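To start, the structure itself, in structure tokens.
There are 2 protein chains.
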Amino acid sequence: MKAPTSLEFLTEALRRLPGVGPKSAQRMAYHLMQHDREGASLLGRALSQAVERVRHCASCNTFTEHEVCETCLDPERDAGLLCVVETPADQLMIEQTMTYKGLYFVLMGHLSPLDGIGPRDIHLEKLVRRATDGIVQEVVLATNFTNEGEATAHYISETLKARGLKVSRLARGVPVGGELEYVDAGTIARAMLDRRAT
Amino acid sequence: MKAPTSLEFLTEALRRLPGVGPKSAQRMAYHLMQHDREGASLLGRALSQAVERVRHCASCNTFTEHEVCETCLDPERDAGLLCVVETPADQLMIEQTMTYKGLYFVLMGHLSPLDGIGPRDIHLEKLVRRATDGIVQEVVLATNFTNEGEATAHYISETLKARGLKVSRLARGVPVGGELEYVDAGTIARAMLDRRAT
């Protein structure tokens, strides 16, 4: 007995999603074909559209559909402050604390030499260009408080301080070993207020 | 701060997958956009293709790209035996035991009155037409040994016996409360050999 080719193809393709193994992929494929073909079509269109339209902000490196994202274009923000985060999800968490009114730079990852992720992969050159525009006064490092996040913060701090910039780090109100995305907003708010010079 | 629209659309669409909540959907969307755009395009194409091509076999009701599936067209199979299963995954498990050489009927579900799933939803009329073709001698019920599967087997058994067919059930070698898809092949082989008349 052979499964039909396009169902096999779909099951294989679903395994490209993070955290989806062979059993889950099969379950998802059968579910979509049996109970939610409309959802399958919708997801297909959403994927094509996202691949076509989503790109990186020329200024802060986050995902956007325009040359420069809305946050970077907001005239109400303090252009003298630049907060460096690992992911858009981390940025969103910080926004939700309502304690920060500056701009951002999104690394889209962290340094991880063991996985072959070096300074180029986290767009460090772009960050240095952004931070040395003459307007930014202080860079707030808000990478995760994991080993990789700390190492990334240390590396960026050394690089930017060598260029005469003031660099600070979120206070250690964030639990050591925790990931920003999963910490409650109150803790992050405290850490934002207590940020310290490095 | 707002996420770009097509990224939001993608995150929403990913939630149509079974077992995917808001956090997982966001993680998947970011992963695809950041690390696997090729995978995203591939999955998009796979979904469109599957929606377009996959349909139900006119004979056994399983997923196929043709009018009648390969298994139903196989002349080496014993057309006098019809095994009723809930899903294509269950059918695959039975095939792997190498103990069955008849044909199949795939219900694509089970009776579940509390969820509003009645005889129409599991294609019972189609099964009755299929089983009363004059060639089928015995119907082997291989629905799951869960409450819903047992109820489904009982209902089908009564319906088909009323039409003078011989109906059997997989032997209780399958653990009560277990789901076929997760049982080892040896147990299913034993249960196939020990099937009993109902």
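These protein sequence lines map, in sequence, to chains H and U.
Just so you know, full-length UniProt numbering puts the end of the first sequence at 198, numbered straight through with nothing missing.
Just so you know, full-length UniProt numbering puts the end of the second sequence at 198, numbered straight through with nothing missing.
Cβ atoms here follow ideal geometry from the backbone N, Cα and C, with glycine treated the same way.
Predicted, not measured: the structure shown is a model, and the values here were computed from it.
Please state whether the Cβ-Cβ distance between residue i and residue j is less than 9 Å.
{"i": "residue 16 of chain U", "j": "residue 82 of chain U", "result": "no"}
{"i": "residue 85 of chain H", "j": "residue 106 of chain H", "result": "yes"}
{"i": "residue 111 of chain U", "j": "residue 152 of chain U", "result": "yes"}
{"i": "residue 9 of chain U", "j": "residue 197 of chain H", "result": "no"}
{"i": "residue 189 of chain H", "j": "residue 71 of chain H", "result": "no"}
{"i": "residue 142 of chain U", "j": "residue 172 of chain U", "result": "no"}
{"i": "residue 41 of chain H", "j": "residue 51 of chain U", "result": "yes"}
{"i": "residue 38 of chain U", "j": "residue 80 of chain U", "result": "no"}
{"i": "residue 180 of chain H", "j": "residue 144 of chain H", "result": "yes"}
{"i": "residue 176 of chain H", "j": "residue 187 of chain H", "result": "no"}
{"i": "residue 31 of chain U", "j": "residue 18 of chain H", "result": "yes"}
Among residues of its own chain, excluding the 5 on either side of residue i, which ones have a beta-carbon nearer than 6 Å to its beta-carbon?
{"i": "residue 64 of chain H", "result": "57"}
{"i": "residue 132 of chain H", "result": "163"}
For the candidate residues the options, whose alpha-carbon lies nearest to that of residue i?
{"i": "residue 167 of chain H", "options": "H:176, H:175, H:157", "result": "H:157"}
{"i": "residue 7 of chain H", "options": "H:21, H:33, H:78, H:103", "result": "H:33"}
{"i": "residue 184 of chain H", "options": "H:94, H:86, H:142, H:42", "result": "H:94"}
{"i": "residue 49 of chain H", "options": "U:21, U:11, U:88, U:90", "result": "U:11"}
{"i": "residue 87 of chain U", "options": "H:178, H:19, H:35", "result": "H:35"}
{"i": "residue 118 of chain H", "options": "H:155, H:29, H:133, H:90", "result": "H:155"}
{"i": "residue 5 of chain H", "options": "U:73, U:74, U:66", "result": "U:66"}
What does the Cβ neighbour count give for residue i, buried or exposed, with the cut at 16 atoms within 10 Å?
{"i": "residue 147 of chain H", "result": "exposed"}
{"i": "residue 108 of chain U", "result": "buried"}
{"i": "residue 122 of chain U", "result": "buried"}
{"i": "residue 192 of chain U", "result": "buried"}
{"i": "residue 135 of chain U", "result": "exposed"}
{"i": "residue 27 of chain H", "result": "buried"}
{"i": "residue 90 of chain U", "result": "buried"}
{"i": "residue 120 of chain U", "result": "exposed"}
{"i": "residue 14 of chain H", "result": "buried"}
{"i": "residue 44 of chain H", "result": "buried"}
{"i": "residue 20 of chain H", "result": "buried"}
{"i": "residue 140 of chain H", "result": "buried"}
{"i": "residue 195 of chain U", "result": "buried"}
{"i": "residue 182 of chain U", "result": "exposed"}
Got a sec? Which residues, its chain only, sit under 8 Å from residue i by beta carbon, not counting five neighbours each side?
{"i": "residue 128 of chain U", "result": "159, 160, 163"}
{"i": "residue 77 of chain U", "result": "71, 101, 102, 103"}
{"i": "residue 29 of chain H", "result": "7, 10, 11, 14"}
Can you list, in chain order, the residues of its chain with a C-beta nearer than 7 Å to that of residue i? Leave out the 5 residues immediately preceding and following it.
{"i": "residue 1 of chain H", "result": "Reliability fails at residue 1 of chain H, whose pLDDT of 49 lies under 50, so the model's placement of it is uncertain and no value is given."}
{"i": "residue 126 of chain H", "result": "61"}
{"i": "residue 149 of chain H", "result": "86, 110, 143"}
{"i": "residue 68 of chain H", "result": "57, 58, 59"}
{"i": "residue 75 of chain U", "result": "none"}
{"i": "residue 99 of chain H", "result": "189, 192, 193"}
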